[in-house]
Each structure stands twice: as structure tokens, then as C-alpha cells.
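First the structure, in the form of C-alpha cells, and then the observations on it.
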Amino acid sequence: MSSTSLELTMPPTATSGQWQAAPPAAPVLSAARVVAPTTQAVLSLEGIDLSFGGIHALSGVDLNIQPGQIYSIIGPNGAGKSSLVNVISGLYQPDRGTVWLNGQAFQKVPTAQLARLGVARTFQNLALFRGLTVRDNIALGRVEHTRSTFVEQLLGRGRAQRELLDARARAAEVIEFLGLRDAQDRLAGTLPYGLQKRVELGRALIAQPRLLLLDEPLAGMTMTEKSHMVQLVRAARDQWGATIVLIEHDIGIVLGLSDRVAVLDYGRKIADGTPAEVRDDPVVIDAYLGVAHEEAA
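Printed below as a string of C-alpha cells:
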């Protein structure tokens, strides 16, 4: 049998020659921000099935994600990775199965309540307001936490005023964390693509999520931008207390960043383990190389 394994490579840190904001800092945040240890899974999936017109996108997928993990989901194109994230975030309702978020069971996750459930996500395709500043885009991530009435917001008084001040303060903290201070007053649509990805991450982080879903946060980035984003993802876990579910194609980065990795192939989970276990799994190698493992010997 061949000893073939998936090669782990990390991106170099050479500059790309493109305008960049400062590399992200690693600020020390208040202890209250960090999620308290618990044995309860932040996210569990039980027997998730999803189909579109008779085509099975997901078949019997089970996952169990513990607090503080960076848990990556990888697989070839069309494996069902983004469909799975859309089920977790309530955009898709599975045909069968249960999603457990922080101990609550759902057949369909209520999308409108995601923030109150402690969940935030980024999207594979950027969903920024290009005509708003970086600061305003990030501050919008606090909208689901507002409790003021329409009249209070219209008059800018009472709770509305306090919420506005709170959003501005938290946005400033996130901007500093992301290394975007010099770009905070620029329109989001004028930034290089890699920096727009940081803004998208910031809009999710400002909600202080317990569970952060990242759908291909490194897609389209230069090597330098990828290196910076890897730092931010680690810090989102270590300093902001977020448990992270990461969808990503760059296997080298995934294996170097993750605590656990699940592998999907044609909508089924074919592996789930530590990066080392997944890297050396013959079934995973077969799925990525597209040949029988024995034939590769």
C-alpha cells in the first residue's frame, strides 16, 4: 500500500506589491469576551439529508463540534460543503435530520434568530455594502442586538443613542484588531479584495458570536493576504472566544490551522479526525486524487 499523504504547505509571507493595510494586530481583549469552558457541544448535526430535485447534496451527515475548536470541512468541488453551512445557518432546510445549536434542537434553524443564538457567518461571495465605509459595514453587524424602538431610533435618544455609541466603540475595537485603522473611512468597495474579506470577517466578529461560520474566507487572496487571514482566524478563536467552522479549499492551510477536520465527498462524510489522521487517511487521498489508493502504490 502506498504511503502517499496530503502535503501540508503554508503560504509564504512575501509582500505582493499590492496596497495593504497593516498586518492584523493581536490585541489583548477583556476576559469577559472569552467563552467559558463547557462540555456541551456548540454545534451538533444528526443525520442531515438534503436534496435538490432528486440530487442528493448531503446524505446522513453527522458532526459534533466542541467549544473552542477550529473545525474545518473540506472536500472536492461539489462535495456539499457550502450546502452544509447553509443548513447550519438556516438558509436551507434539510429533508431529514436535526441541527443542535448550544443545546437547542432545530429541524430548520431560524435565520432571523441566528445572532441571538450566538451564530455569525461570512459568505463565499462578499456581501458588503460597497457604498458604505469600512466602519459602517462593520457596525452593521450589531443590528440584531438592538432593542430600541423605531421612535427612539428616529429621535436618536434613549436606548437608540446608547446602542449607537456601543456599536461605534465595538466597531473601533474590531477595526483595530483587523489592522484596518487607516482604511476605516474608505468606502468598502474601493478596497483590495483581501481587505474586503477582512471587513466581512469584522462584521461577523462584532456580533460576538459563540459560533463563527467562515465560508471560504481565503478564496481569491494573495499568499500574503492568506497569511494575514490565518492569523485573524486563530485570534478569533484564541482571543474572541469563538468556536469556528471553516470551509476552505487550501488543504495545506486547513491542516495547519484546524483542531479537527471533516471530509465530505458526494455529500457524505468520509472522514473526521485530527489533521494528521485526515492527511494520512487512504479514503481521503483517494477522494482528492481521484484514483483507487491501491492503484497508486
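Just so you know, we're using the UniProt record's numbering here: the sequence shown kicks off at 1 and counts up by one. All C-beta atoms in this analysis are idealised placements derived from N, C-alpha and C, irrespective of residue type, glycine included. These numbers were taken from a predicted model, which means no experiment stands behind them.
Below 8 Å, can you find three or more Cβ-Cβ pairs linking the region 124-132 to the region 92-101?
No, the region 124-132 does not touch the region 92-101.
Where A22 falls: helix, strand or coil (DSSP):
Taking the first residue of the sequence shown as 1, we reach residue 22 at position 22. For A22, the predicted structure reports a pLDDT of 48, less than 50, and the residue's modelled location is therefore unreliable. A value from the coordinates is still provided. A22 falls in the coil class under three-state DSSP.
What are the partner residues of Y193, as DSSP defines its beta bridges?
Within the sequence shown, residue 193 is the residue found at index 193, counting from 1. Per DSSP, none; premise fails for Y193.
How about V254 and S59: are their beta carbons less than 9 Å apart?
Stepping through the sequence shown from its first residue, residue 254 is reached at position 254. Stepping through the sequence shown from its first residue, residue 59 is reached at position 59. Contact flag unset, no.
Quick one: what's got a C-beta closer than 7 Å to A171's C-beta in the same chain, skipping five residues either side?
Along the sequence shown, one-based indexing puts residue 171 at 171. Non-local C-beta neighbours of A171 in its own chain, meaning closer than 7 Å and more than five positions away in sequence, comprise R135, I138, A139, I206, ordered along the chain.
Let me make sure I understand the geometry here. Which of G220, I270, G131 has the alpha-carbon closest to that of D185?
Your numbering for residue 185 matches position 185 in the sequence shown. Looking at the Cα atoms, G131 is the closest of the given residues.
When DSSP labels each residue in this structure, what does V34 get in the three-state scheme?
Position 34 of the sequence shown holds residue 34. Caution is warranted here: a pLDDT of 34 is assigned to V34, below 50, making its placement in the model unreliable, and the coordinate value is therefore given only provisionally. Three-state result, V34: coil.
List the whole-angstrom C-beta distance separating I244 from V261, where the pair is believed to meet the contact cut-off of C-beta under 8 Å.
Stepping through the sequence shown from its first residue, residue 244 is reached at position 244. Stepping through the sequence shown from its first residue, residue 261 is reached at position 261. Not really, about 12 Å apart at Cβ, beyond 8 Å.
Between the Cα of S89 and the Cα atoms of P209, V174, G53, R142, which residue gives the shortest distance?
Position 89 of the sequence shown, counted from the start, is the residue given in the question as residue 89. Cα-wise, what sits closest to S89 is P209.
Could you give the distance in angstroms between the alpha-carbon of G75 and the alpha-carbon of R168?
Within the sequence shown, the letter at position 75 stands for residue 75. Within the sequence shown, the letter at position 168 stands for residue 168. Cα to Cα, G75 sits roughly 39 Å from R168.
Compute the Euclidean distance between the alpha carbons of A120 and T111, then round it to the nearest angstrom.
Looking up residue 120 in the sequence shown gives position 120. Looking up residue 111 in the sequence shown gives position 111. Spanning the two alpha carbons is a distance of roughly 10 Å.
Start and end of the beta strand (DSSP E) containing A105?
As a working note, residue 105 is residue 105 in the sequence shown. Note, A105: beta strand (DSSP E), 104-106.
Considering just the uninterrupted stretch of the beta strand (DSSP E) at T243, what are its terminal residues?
The sequence position of residue 243 within the sequence shown is 243, counting from 1. Start and end: 243-247.
How would you call K108, buried or exposed, if buried means at least 16 neighbouring beta carbons within 10 angstroms?
Mapped onto the sequence shown, residue 108 falls at position 108. Classification of K108: exposed, given that the 10 Å Cβ count is below 16.
Return helix, strand or coil for L177, following the three-state DSSP convention.
In the sequence shown, counting from the first residue as 1, residue 177 sits at position 177. For clarity, residue 177 is Phe in the given sequence; the question names Leu instead. In the structure shown, F177 sits in a helix (DSSP, three-state: H, G or I).
Less than 9 Å between the beta carbons of E216 and E248, yes or no?
As a first step, residue 216 must be located in the sequence shown, where it is residue number 216. As a first step, residue 248 must be located in the sequence shown, where it is residue number 248. Their beta carbons are under 9 Å apart, which means E216 touches E248 by this criterion.
Among G97, G78, I70, Q66, the one whose alpha carbon lies nearest that of I48:
For the purposes of this step, residue 48 is taken as the residue at position 48 of the sequence shown. Selected option, being the one with the closest Cα: G97.
Among the residues of its own chain, which have a CB less than 7 Å from the CB of S83, if the five just before and after it don't count?
The residue labelled residue 83 in the question sits at position 83 within the sequence shown. Counting only Cβ-Cβ distances below 7 Å, and skipping sequence neighbours, we find L50, A57, L58, Y92.
Straight-line Cα distance separating N102 from I251
For the purposes of this step, residue 251 is taken as residue 251 along the sequence shown, with counting starting at 1. For the purposes of this step, residue 102 is taken as residue 102 along the sequence shown, with counting starting at 1. One C-alpha to the other measures close to 29 Å.
At what residue ranges does the region 67-128 contain a whole run of the beta strand (DSSP E), taking only runs of 3 or more?
Qualifying beta strand (DSSP E) stretches, in chain order: 70-74, 96-101, 104-106, 119-121.
Alpha carbon to alpha carbon, how far is D272 from D62? Give it in angstroms, no decimals.
As a first step, residue 62 is located in the sequence shown; it is residue number 62 there, counting from the start. As a first step, residue 272 is located in the sequence shown; it is residue number 272 there, counting from the start. Their backbone Cα atoms lie some 10 Å apart in a straight line.
G141 versus A79 - alpha carbon distance
Residue numbering aside, residue 141 sits at position 141 when the sequence shown is read from its first letter. Residue numbering aside, residue 79 sits at position 79 when the sequence shown is read from its first letter. In a straight line, the C-alpha of G141 is about 30 Å away from that of A79.
Any idea if R116 is buried or exposed, counting beta-carbon neighbours within 10 angstroms, 16 or more meaning buried?
Numbered from 1 along the sequence shown, position 116 holds the residue referred to as residue 116. Counting Cβ neighbours within 10 Å, R116 comes out exposed, since fewer than 16 surround it.
Collapsed DSSP secondary structure at P27 in the structure displayed
If you number the sequence shown from 1, residue 27 lands on position 27. At P27 the pLDDT is 40, less than 50, meaning the model places this residue with poor confidence; the figure from the coordinates comes in the next sentence. If DSSP states are grouped into helix, strand and coil, P27 belongs with coil.
With DSSP as the reference, label V261 as helix, strand or coil.
The residue you call residue 261 lines up with position 261 of the sequence shown. In the structure shown, the three-state DSSP call for V261 is strand.
Residue interval of the beta strand (DSSP E) (run including A57)
Indexing the sequence shown from 1 puts residue 57 at position 57. 55-65 is the extent of the beta strand (DSSP E) around A57.
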